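*Asks:* Quick note on the numbering used here: the sequence shown kicks off at 1 and runs consecutively.
Ideal placement from N, C-alpha and C gives every residue a C-beta, glycine not left out.
If you're wondering where the values come from, they're calculated on a predicted model, not measured in any experiment.
Please see the structure below; I have some questions.
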Amino acid sequence: MANQLSVGPDVTGTTIVCSDGRISTDGSNGAVELACDDGTIEKGGVNAHTHIYSGLAPLGMPAPEPEPENFLQILERVWWRLDRVLDEESLRASARLYVAEALCAGTTALVDHQESPNFIDGSLDVLADACHELGMRAVLCYGATERNGGLEEARRGLDECGRFLRSGTSDLVRGCIGLHASFTVSDETIRAAADYCGRHDTVLHVHLAEDGADVQDAIRRGYESPLDRIVSLGALVPGSIFAHGVHLTGTQTERVVDQGCWLVQNPRSNEGNRVGYPSELKGHGRVALGTDGYPADMREEERALWRIGGDHGELPNWIQARSAASAMLVSERFGISARPLREGALGDLVVRRDDEVQHVVVNGQVVVRDGVLQTGDIEAIRAEAQTVAERLFTRMRAL
Ligand SMILES: [Zn+2]
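Okay, here's the thing in structure tokens:
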């Protein structure tokens, strides 16, 4: 008999059956039951662009000195210092904490972009292990870059994606090919990334036009824009995931969505980094929502989008469309065309009661019940993260 879970009926009378990890219309006879008579069943939250490696950052990461004045300085003094001191132990602790907290916040899938230049080979297995252990759906890649070790570093990043795509994926975790951003790679690496996508029949995940610095760099290299560079080098692979797009023009945005690609808006990150507002993304159905390394509470990110987007002429239905696009993006990477909670969709859902997360189901498995993580001891995960974070931050201060 199929592995079945019956959730409900909820306060609206809805019952959802998951069968072998998918939403099913088959009867629930014999299924394990998850009661929620005073809750509401919703689709699971999806974080369409994040960095699990920054999971320990909220635990007292040292402040940059001197205070950064622009986007590049934020990268150089904060994130590119953190990523260089990551090793297997600290990445594992980051991943377990980030994934556990995300599940408790009702997030059932993460689209991640990994960076750890001194621990590249095997890094995606560490992330996948945490997702399998705790029951999180994920799409993983390593963001290949040349910013520390040139072409050899980029080759190792792409090889890690390829290795993972060949041997690390499962019903719960998929892979794709990652590039950091146009401004930290050569033409040769962009061409190689496109070649890897073709060989592995997958898509690219890359930061695009996040800041004016990315645009200026592409112009200096003889291209009209970072998108023009990606198109010219054959890397506009259909279905690809482009994070940010803050500095895309209207025509460029059309080009990306017409190619069946996705854009991912990250409101809190864009505000924090002072890179601008992605005005040309407004109203497009293929714009998803990400947290770009902030904790994966998608309700919090949606509130930020309401707050910031309202000042930029966003309409309520455009804002609501972001989470729908995020869910479609992840379904596509798992080869599913059904809409969330419909027959054949991924078996991912959340039950909320009084606006609080009550139950979370991923791939038909109960991972949070009555607000408590079922797949791990969250207090032990938090305690371990604090211990490991202190060692990580000591190494960071010494850089
Ligand atoms: Zn990012």
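If you measure from each CB to the nearest heavy atom of ligand 1 and keep those under 6 Å, what residues do you get, in chain order?
*Replies:* Those satisfying the condition are, in chain order, H49, H51, H113, H207, A243, D292.
*Asks:* Are the CB atoms of I177 and R229 within a distance shorter than 8 Å?
*Replies:* No, these two residues do not count as a Cβ contact at 8 Å.
*Asks:* Are there three or more Cβ pairs, one per stretch, closer than 8 Å when the region 143 to 158 is compared with the region 110 to 124?
*Replies:* As far as the Cβ criterion goes, the region 143 to 158 touches the region 110 to 124, which means the pair count is three or higher.
*Asks:* Hey, is the region 317 to 333 in contact with the region 33 to 51, meaning 3+ C-beta pairs nearer than 8 Å?
*Replies:* Contact between the region 317 to 333 and the region 33 to 51 is present, because at least three Cβ pairs lie under 8 Å.
*Asks:* Give the range of the alpha helix (DSSP H) segment to which F71 is assigned.
*Replies:* 71 to 74 is the extent of the alpha helix (DSSP H) around F71.
*Asks:* State buried or exposed for P62, treating a residue as buried only when at least 16 other CB atoms are found within 10 Å of its CB.
*Replies:* That one is exposed.
*Asks:* Would you tell me roughly how many angstroms separate the C-alpha atoms of S94 and V185, rounded to the nearest one?
*Replies:* When rounded, the distance between both Cα atoms is 26 Å.
*Asks:* DSSP on Y294, reduced to helix/strand/coil?
*Replies:* Here Y294 sits in coil by DSSP.
*Asks:* I need the boundaries of the beta strand (DSSP E) containing V264, first residue and last residue.
*Replies:* Per DSSP, V264 belongs to the beta strand (DSSP E) from 262 to 265.
*Asks:* Measuring alpha carbon to alpha carbon, tell me which of H284, G55, H312 ends up nearest A130.
*Replies:* Minimum Cα distance to A130 is reached at G55.
*Asks:* Between which two residues does the beta strand (DSSP E) carrying Q365 extend?
*Replies:* Residues 365 to 369.
*Asks:* Near V362, which residues of its chain fall below 6 Å by C-beta distance, leaving aside the five closest residues on each side in sequence?
*Replies:* These residues qualify, in order along the chain: T108, G135, R137, D348.
*Asks:* Could you tell me which residues DSSP puts in a beta bridge with T107?
*Replies:* The partner list for T107 (beta bridge, DSSP) reads G45.
*Asks:* Helix, strand or coil for A138 per DSSP?
*Replies:* If DSSP states are grouped into helix, strand and coil, A138 belongs with the strands.
*Asks:* Going by C-alpha distance, which of P316, H205, D171 is nearest L158?
*Replies:* Ranking P316, H205, D171 by Cα distance to L158 puts H205 first.
*Asks:* Thinking C-alpha only, which one of L263, S182, V264 is nearest E224?
*Replies:* Among L263, S182, V264, the Cα nearest to that of E224 is on S182.
*Asks:* Which residue from G371, R382, E343, L151 puts its Cα closest to that of E356?
*Replies:* The option with the nearest alpha carbon to E356 is G371.
*Asks:* Provide the residue span of the alpha helix (DSSP H) that contains E314, from first to last.
*Replies:* Here E314 belongs to no alpha helix (DSSP H), and DSSP marks it neither H nor E.
*Asks:* Given a cut-off of 8 Å, decide if V264 and H284 are closer than it, judged by their beta-carbon atoms.
*Replies:* No, they are not a contact pair.
*Asks:* Between D83 and P340, what straight-line distance do the alpha-carbon atoms span, to the nearest angstrom?
*Replies:* Computed Cα separation, rounded: 35 Å.
*Asks:* Buried or exposed for T253, going by 16 or more other Cβ atoms inside 10 Å?
*Replies:* Burial call: buried.
*Asks:* Once you ignore the five residues that flank V32 on each side, which residues in its own chain have a CB closer than 6 Å to its CB?
*Replies:* Correct list, in chain order: L5.
*Asks:* Let's see if you can read the secondary structure: which residues bound the alpha helix (DSSP H) around A389?
*Replies:* 378 to 398 is the extent of the alpha helix (DSSP H) around A389.
*Asks:* Rounded to whole angstroms, what's the CA-CA distance from G166 to F334? Just pull it up for me.
*Replies:* The residue asked about is misnamed: residue 166 is Arg in this sequence, not Gly. The alpha-carbon atoms of R166 and F334 are separated by roughly 15 Å.
*Asks:* On the premise that P278 lies in contact with G245, defined as a C-beta separation below 8 Å, what is that separation, rounded to the nearest angstrom?
*Replies:* Sure, about 5 Å apart at Cβ, within 8 Å.
*Asks:* Taking all protein chains shown into account, do 16 or more other C-beta atoms lie within 10 angstroms of the C-beta of I219, making it buried, or fewer, making it exposed?
*Replies:* Classification of I219: exposed, given that the 10 Å Cβ count is below 16.
*Asks:* What is the DSSP secondary structure of T401, reduced to helix, strand or coil?
*Replies:* This structure leaves residue 401 out entirely; the chain is present only between 1 and 399.
*Asks:* Name the two residues that bound the continuous beta strand (DSSP E) containing V357.
*Replies:* Its beta strand (DSSP E) spans residues 356 to 362.
*Asks:* Along the alpha helix (DSSP H) that carries G178, what are the first and last residues, could you check?
*Replies:* First-last for G178: 177 to 181, but that is the beta strand (DSSP E), not the alpha helix (DSSP H).
*Asks:* Does the Cβ of D455 have 16 or more other Cβ atoms within 10 Å, making it buried, or fewer, making it exposed?
*Replies:* Since the first and last residues shown for the chain are 1 and 399, residue 455 lies out of range.
*Asks:* By how many angstroms is the C-alpha of G376 removed from the C-alpha of L97?
*Replies:* Roughly 10 Å separates the two Cα atoms.
*Asks:* In this structure, how does DSSP classify L34 when only helix, strand and coil are distinguished?
*Replies:* DSSP places L34 in strand when its eight states are reduced to three.
*Asks:* Report yes if the CB atom of V85 is closer than 8 Å to the CB atom of R395, and no otherwise.
*Replies:* Contact flag set, yes.
*Asks:* Cβ atoms of G234 and N266: under 8 Å apart, would you say?
*Replies:* No. Outside cutoff.
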